[in-house]
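Line order of the protein sequences matches chains B and E. Residue numbers for the first sequence follow the working numbering, beginning at 3 and rising by one. Residue numbers for the second sequence follow the working numbering, beginning at 11 and rising by one. Note that the Cβ used here is the ideal one computed from N, Cα and C, for glycine as well. Written out below as structure tokens is the structure these notes cover.
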Amino acid sequence: MTPVATPFFFYLFAAIMLIGGILVITRRNPVHSALALIVALLAQASIYLMLYAPFVAGVQVILYAGGIMVLFLFVIMLVSIERSMKERQFNSQWVAGSIAAVALGGLFIAVYAKGEKIFPHHAMRITPDELLNTQGVATMLYGQYMFAFEIASLLLLVAIIGAVVMAKKRI
Amino acid sequence: MHAIIDYISSYLTSEKTPGAAGNMFWVLVYIMLVFAGLSVAVIAMNWLERKILAHMQVRLGPMRVGPHGLLQPIADAIKLLLKEDIMPAEADGFVFWMAPLLVVLSAFTVFVVVPFGPTHAITDMNIGILFMLGVSSLSVLGIVMAGWASNSHYPLMGALRSSAQMVSYEIAMGLAVVSVILVTSLHGAGLYGVGGAGAGDGTLSMIGIVRAQQEQGVWFIFKFFPLGLIAFFIFAVSMVAETNRAPFDLAEAESELTAGFHTEYSGFRWSLFFLAEYSAMIAVSSIAVTLWLGGWLRPFPNLLNGDTWDQAFSFIPGITFLFFAAICFYNAVRMPKHPLFRVQTIGLFGFGVVLGLIGLILFIPAVSIRVQDIFWFAAKVSGFMYVYIWFRGTFPRYRFDQLMQLGWKVLLPMGLGVLILTAIFGLWPSIQQLIQRLI
């Protein structure tokens, strides 16, 4: 079977993602911004698919597009559109923003150029076999990286309890 | 020319789904078949829902268009297509236009991985069930968009309700699904010791899940009794809430919100919402059938095995259709003998002949072997569809706080408990050894 991960699809999804990202910050209407963000996130899921990581792509769709963005929209829908349309769209922190963007870009270029030396070899790829991707992720998370995984889940639990404490006035 | 015919016929000998075989022609054929079948199922469901609800309420239901109202859905479809398409002046045009499209897209895309048989699926994915849950969760976005873009109070309230409801029930649903995925890795040797030996790799693929049930020799609803049954119950409740159907249809509660998120929609756009709702119902029912009720497997595949039983069960599809044909003939005979009813009598008789012919074709061994998987799958799904109508006919609508309470305080803890108990039951021999070593 011929692979679908051709350059054409990479450029297509990358372009969709970039356009979506630009629309997020240029649209005046916050709901339109959120919808553009959903488009960008879905294009990102397709790029994960092209990297032969179907599990990550599926989780991306469920969590980001289907879960988090619904909650975003839930809040934004209740905001008065007229008032937010009149607000100034960009604040004056563009110097700090562009410095951060350049730094991130430099980091990406460094990883691209010297990634093979920086990262340990086994972390480069989980399994090239698309058909065993989910099983591969599972064995790694619950085998090799069990401790890190449990620490991360503990952190999430603390965040959940913190959110409940902050939201509820009387417990 | 020969190359094309070879390409088309090469699939027929391979025992794979068209997607796995990578044969574009058959992929397209299967997509069309699934789409057509789904549309017919929605039309049939429309008629059946009205008729069954009417009979539950001691009414006749549609009787005028066609014999026993059989042509009523078609008349309705024509009415909806001819209706004026109204967009509110203050609506957000693009989002208003996009919302029904997104809902229909997500409702139909899900069927890419539904396994109607070991080879009768458009394709099989490693992340099958994850794909189904993910894509069907996108339909919430469409509902939220519809409610917001209408720029009106009732739709906004309906969209808020339905998004809160769907996001909450997705969690309980996910936990029930996770416990099944856990069970696919437990090849027996558990507390009841069914099936083979030891725990291995599980699977998320829809075909893989049904094959796991075949290998373990038990439908997952009966696995680790009563845990499978409880997980199935959690899923069955949350799937009704996910599809916004009675008794959880608060998003479109007529008495409070007119029609909820689609109040401002009319004509063809409204019919898209209708189509999406019914195909989403079929989609979640097919998830339930695949995960708990053995998918395409016939009843008692292990208990009543052997050639004789295989032969006996292969007659059932044909007999079912002949039974439907017999009902049609019986009712055609019972039609009033007035000349005004002559057309309807002939129509009903013709319908019976068509059903009978389908039944006779299903008796041909070559056909029945290929089609009986689809028949069993469809029969199980239609059982679920009947339960949906039954719910609508019998349960009063929940209040919103009751709905949230049920989701978060009952189903979610139950799901967590079932998940933990399933893990304990499945690894029982190892746990037993551990306890013995400690004592």
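Residues near residue i in its chain [Cβ-Cβ closer than 7 Å; skip 5 each side]
{"i": "L214 (chain E)", "result": "N136, I137, G138, I139, L140, I191"}
{"i": "F351 (chain E)", "result": "M345"}
{"i": "P83 (chain E)", "result": "I53, N56, W57"}
{"i": "A433 (chain E)", "result": "L192"}
{"i": "N93 (chain B)", "result": "none"}
{"i": "S178 (chain E)", "result": "M414, G417, W418"}
{"i": "G29 (chain E)", "result": "V37, I132, T133, D134"}
{"i": "I181 (chain E)", "result": "L422"}
{"i": "Q377 (chain E)", "result": "The sequence given here places Val at residue 377 (chain E); Gln does not occur at that position. Only I371 meet the Cβ criterion."}
{"i": "G357 (chain E)", "result": "G76, P77"}
Residue i versus residue j - alpha carbon distance
{"i": "L39 (chain B)", "j": "A246 (chain E)", "result": "33 Å"}
{"i": "A46 (chain E)", "j": "I231 (chain E)", "result": "31 Å"}
{"i": "L37 (chain B)", "j": "G145 (chain B)", "result": "38 Å"}
{"i": "L151 (chain E)", "j": "G157 (chain E)", "result": "10 Å"}
{"i": "N161 (chain E)", "j": "L282 (chain E)", "result": "20 Å"}
{"i": "V124 (chain E)", "j": "I132 (chain E)", "result": "8 Å"}
{"i": "G205 (chain E)", "j": "V353 (chain E)", "result": "Confidence in G205 (chain E) is poor, its pLDDT being 44 and thus under 50, which makes the residue's placement unreliable; the coordinate value appears in the next sentence. Roughly 57 Å between the two C-alpha positions."}
{"i": "V72 (chain B)", "j": "M155 (chain E)", "result": "10 Å"}
{"i": "A207 (chain E)", "j": "F126 (chain E)", "result": "At A207 (chain E) the pLDDT is 48, less than 50, meaning the model places this residue with poor confidence; the figure from the coordinates comes in the next sentence. Looking at the two C-alpha atoms, the distance is approximately 28 Å."}
{"i": "Y50 (chain B)", "j": "L65 (chain B)", "result": "14 Å"}
{"i": "H12 (chain E)", "j": "N33 (chain E)", "result": "16 Å"}
{"i": "M457 (chain E)", "j": "V145 (chain E)", "result": "Residue coverage of chain E in this structure runs from 11 to 449, which leaves residue 457 (chain E) outside it and unanswerable."}
{"i": "G304 (chain E)", "j": "D86 (chain E)", "result": "36 Å"}
{"i": "I153 (chain B)", "j": "Y147 (chain B)", "result": "10 Å"}
{"i": "V41 (chain B)", "j": "K88 (chain B)", "result": "25 Å"}
{"i": "S147 (chain E)", "j": "A47 (chain B)", "result": "15 Å"}
{"i": "F10 (chain B)", "j": "M52 (chain B)", "result": "11 Å"}
{"i": "A45 (chain B)", "j": "S20 (chain E)", "result": "34 Å"}
{"i": "L156 (chain B)", "j": "I162 (chain B)", "result": "10 Å"}
{"i": "L90 (chain E)", "j": "F278 (chain E)", "result": "6 Å"}
{"i": "F15 (chain B)", "j": "K390 (chain E)", "result": "39 Å"}
{"i": "F339 (chain E)", "j": "V122 (chain E)", "result": "37 Å"}
{"i": "P56 (chain B)", "j": "G138 (chain B)", "result": "11 Å"}
{"i": "T300 (chain E)", "j": "A251 (chain E)", "result": "19 Å"}
{"i": "N315 (chain E)", "j": "R69 (chain E)", "result": "44 Å"}
{"i": "K170 (chain B)", "j": "G164 (chain B)", "result": "10 Å"}
{"i": "R90 (chain B)", "j": "F104 (chain E)", "result": "24 Å"}
Partner residues on chain E for residue i, Cβ-Cβ distance less than 7 Å
{"i": "Q137 (chain B)", "result": "D211"}
{"i": "V104 (chain B)", "result": "None at all; the shortest Cβ gap to chain E is about 34 Å."}
Under 7 Å from the C-beta of residue i: neighbouring residues of chain B
{"i": "I137 (chain E)", "result": "P56, F57, G60, T136"}
{"i": "S173 (chain E)", "result": "V72, F76"}
{"i": "L214 (chain E)", "result": "T136"}
{"i": "F141 (chain E)", "result": "G60"}
Within chain D, partners of residue i - CB distance below 7 Å
{"i": "G144 (chain E)", "result": "Of the chains in the structure shown, none is chain D; the protein chains are B and E."}
Closer than 9 Å at the beta carbon, the chain E residues around residue i
{"i": "I1 (chain B)", "result": "The displayed coordinates of chain B run from 3 to 173. Any statement about residue 1 (chain B) would go beyond what the structure contains."}
Contacts that residue i makes with chain B (C-beta to C-beta distance below 9 Å)
{"i": "V504 (chain E)", "result": "Because residue 504 (chain E) is not part of the residues shown, which for chain E are 11 to 449, the question remains open."}
{"i": "L58 (chain E)", "result": "Neighbours of L58 (chain E) on chain B: none; closest Cβ ~30 Å, over 9 Å."}
Within chain E, the residues that residue i reaches when beta carbons sit closer than 8 Å
{"i": "M79 (chain B)", "result": "V154, G157, W158, L166, A169, L170"}
Neighbour list for residue i in chain B, Cβ cutoff strictly below 8 Å
{"i": "V105 (chain E)", "result": "V33, H34, L37"}
Cut-off 6 Å between Cβ atoms - residues of its own chain near residue i, not counting five sequence neighbours on either side
{"i": "A140 (chain B)", "result": "none"}
{"i": "L143 (chain E)", "result": "none"}
{"i": "V120 (chain E)", "result": "M142, V145, S146, A293"}
{"i": "F151 (chain B)", "result": "L143"}
{"i": "T194 (chain E)", "result": "G212, T213, I219, A222"}
Own chain, CB closer than 8 Å to residue i, minus 5 neighbours either side, in chain order
{"i": "V428 (chain E)", "result": "L185, A186, S189, L237, I240, A241, I244"}
{"i": "A174 (chain E)", "result": "M414"}
{"i": "A298 (chain E)", "result": "F242, F245, A246, M249, F394"}
{"i": "A261 (chain E)", "result": "I153, G168, A169, R171, S172, Q175, N254, L267, G270, F271"}
{"i": "Y275 (chain E)", "result": "P110, A156, S160, F283"}
{"i": "F94 (chain E)", "result": "Phe is not the amino acid found at residue 94 (chain E); the sequence shown has Glu there. So the qualifying residues of the chain are S276, G277."}
Contact test: residue i Cβ vs the ligand FAD heavy atom, cutoff 8 Å
{"i": "L143 (chain B)", "result": "With respect to the ligand FAD, the structure offers nothing, as it holds no ligand at all."}
Assess contact between the segment 404 to 419 of chain E and the segment 75 to 88 of chain E, defined as three or more Cβ pairs (one per stretch) separated by less than 8 Å. Is contact present? The segment 404 to 419 of chain E and the segment 75 to 88 of chain E do not touch, with fewer than 3 CB-CB distances between them shorter than 8 Å.
Stretch-stretch touch, CB-based, cutoff 8 Å, three pairs: the segment 283 to 294 of chain E with the segment 107 to 125 of chain E: With a cut-off of 8 Å, the segment 107 to 125 of chain E and the segment 283 to 294 of chain E count as touching, because enough Cβ pairs lie within range.
Touching by the beta-carbon criterion (3+ pairs, under 8 Å), the segment 266 to 284 of chain E and the segment 157 to 171 of chain E: Short answer: they touch.
Three or more beta-carbon pairs under 8 Å between the segment 334 to 349 of chain E and the segment 246 to 257 of chain E, yes or no? Cβ pair count under 8 Å is below three, so no.
Would you call the segment 93 to 112 of chain E and the segment 8 to 28 of chain B touching, i.e. three or more CB-CB distances under 8 Å? Not touching, per the Cβ criterion.
Using 8 Å as the threshold, is the segment 363 to 378 of chain E in touch with the segment 314 to 327 of chain E, meaning 3 or more CB pairs across them? Enough Cβ pairs lie closer than 8 Å, so yes.
Any chance the segment 381 to 399 of chain E sits against the segment 304 to 317 of chain E, with 3 or more Cβ pairs inside 8 Å? These segments touch.
Count the C-beta pairs between the segment 397 to 404 of chain E and the segment 56 to 72 of chain E that are closer than 8 Å, then say yes if the count reaches three, no if not. Three or more beta-carbon pairs drawn from the segment 397 to 404 of chain E and the segment 56 to 72 of chain E are found closer than 8 Å, and the two stretches are therefore classed as touching.
Restricting to runs no shorter than 3 residues, where is the beta strand (DSSP E) found entirely within the segment 310 to 388 of chain E? Within the segment 310 to 388 of chain E, no run of beta strand (DSSP E) at least 3 residues long lies entirely inside it.
Counting only runs that start and end within the segment 251 to 277 of chain E, where is the alpha helix (DSSP H) found for 4 or more residues in a row? Whole alpha helix (DSSP H) segments, 4+ residues: 264 to 267.
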